[in-house]
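Undergrad:
In mature numbering (1 follows the signal peptide of the UniProt record, and there is no 0), the protein residues as written are -21 to -1, 1 to 190.
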């Protein structure tokens, strides 16, 4: 009798694990991000449920060559999740959670940043395919906060400004590829205040353009 109870308990546990532990699935996508067959795919994603966590899935996306394209964790909002629409704008079954990384085909890092409930959180960086930094910003609940920088491929600054709750606050400066100022403007709560001042390539002040 005791043995029978133990056996039934063991089978119950095994059944529960079998139900919860979902195998990985692979979905192929075309260049437009729509699910397709393998022969017409530009990349593919493997979706794996994280052990002992039925709402979180690791999604690893690869180029057809096998090189990693993107990697991160999604937290499911509601079931069933239609992973075939993962790269469509209306995908909302699951939200990004934690650290995400994207790569170029040459495996150079393209993007790195953290997410919380689908919103960007903390430092977000993007790179050119040669490894040069493209942009750097800090996000709070998906909105830019603090200093925002973008760069040309030669490493020179392209644009610089500060943001508060996602809105430009203070001076915004644009640069030529040689690093000299191209234009300068002042913003308050995201709105332009005064004139935009332009400069020539030698940083001599040029004509002004009213708002």
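We put the beta carbon where it would ideally sit given N, CA and C, even for glycine.
Residues in its own chain within less than 6 Å of residue 87 by CB, not counting five upstream and five downstream?
TA: So the qualifying residues of the chain are 108, 110.
Undergrad: According to DSSP, is residue 139 helix, strand or coil?
TA: Of the three classes helix, strand and coil, the one that applies to residue 139 here is strand, per DSSP.
Undergrad: Have a look at residue 91 and residue 142 and give me their C-alpha separation to the nearest angstrom.
TA: So the alpha carbons of these two residues sit roughly 20 Å apart.
Undergrad: Alpha carbons only, please: which of 140, 124, 102 is nearest the one belonging to residue 149?
TA: Closest option to residue 149, Cα to Cα, is 140.
Undergrad: In chain order, what residues of the same chain have a beta carbon less than 6 Å from the beta carbon of residue 128, not counting five sequence neighbours either side?
TA: Closer than 6 Å at the Cβ level, and outside the excluded window around residue 128, lie 115, 139.
Undergrad: Looking at C-alpha atoms only, which residue of 133, 159, 165, 132 is the closest neighbour of residue 147?
TA: Nearest of 133, 159, 165, 132 to residue 147, Cα basis: 165.
Undergrad: In the DSSP assignment, find the beta strand (DSSP E) that holds residue 94 and state where it starts and stops.
TA: Taken as a continuous stretch (DSSP letters only), the beta strand (DSSP E) holding residue 94 covers 88 to 95.
Undergrad: Here's the rule I'm using: 16 or more other beta-carbon atoms within 10 Å means buried, otherwise exposed. How should residue 234 be labelled?
TA: In the structure displayed, the chain extends from -21 to 190; residue 234 sits before or after that span and is not available.
Undergrad: Mind checking who residue 48 pairs with in its DSSP beta bridge?
TA: Answer is none; residue 48 lacks a bridge partner.
Undergrad: Do you know offhand how far residue 122's Cα is from residue 23's?
TA: Answer to the nearest angstrom: the Cα atoms are 30 Å apart.
Undergrad: Since residue 156 is in the beta strand (DSSP E), which residue starts that stretch and which ends it?
TA: Counting along the chain, residue 156 falls outside any beta strand (DSSP E), and DSSP gives it neither H nor E.
Undergrad: Which same chain residues end up closer than 6 Å to residue 10 when comparing Cβ atoms and leaving out the 5 residues on each side of it in sequence?
TA: Once the five neighbours on either side are set aside, the close Cβ partners of residue 10 are 21.
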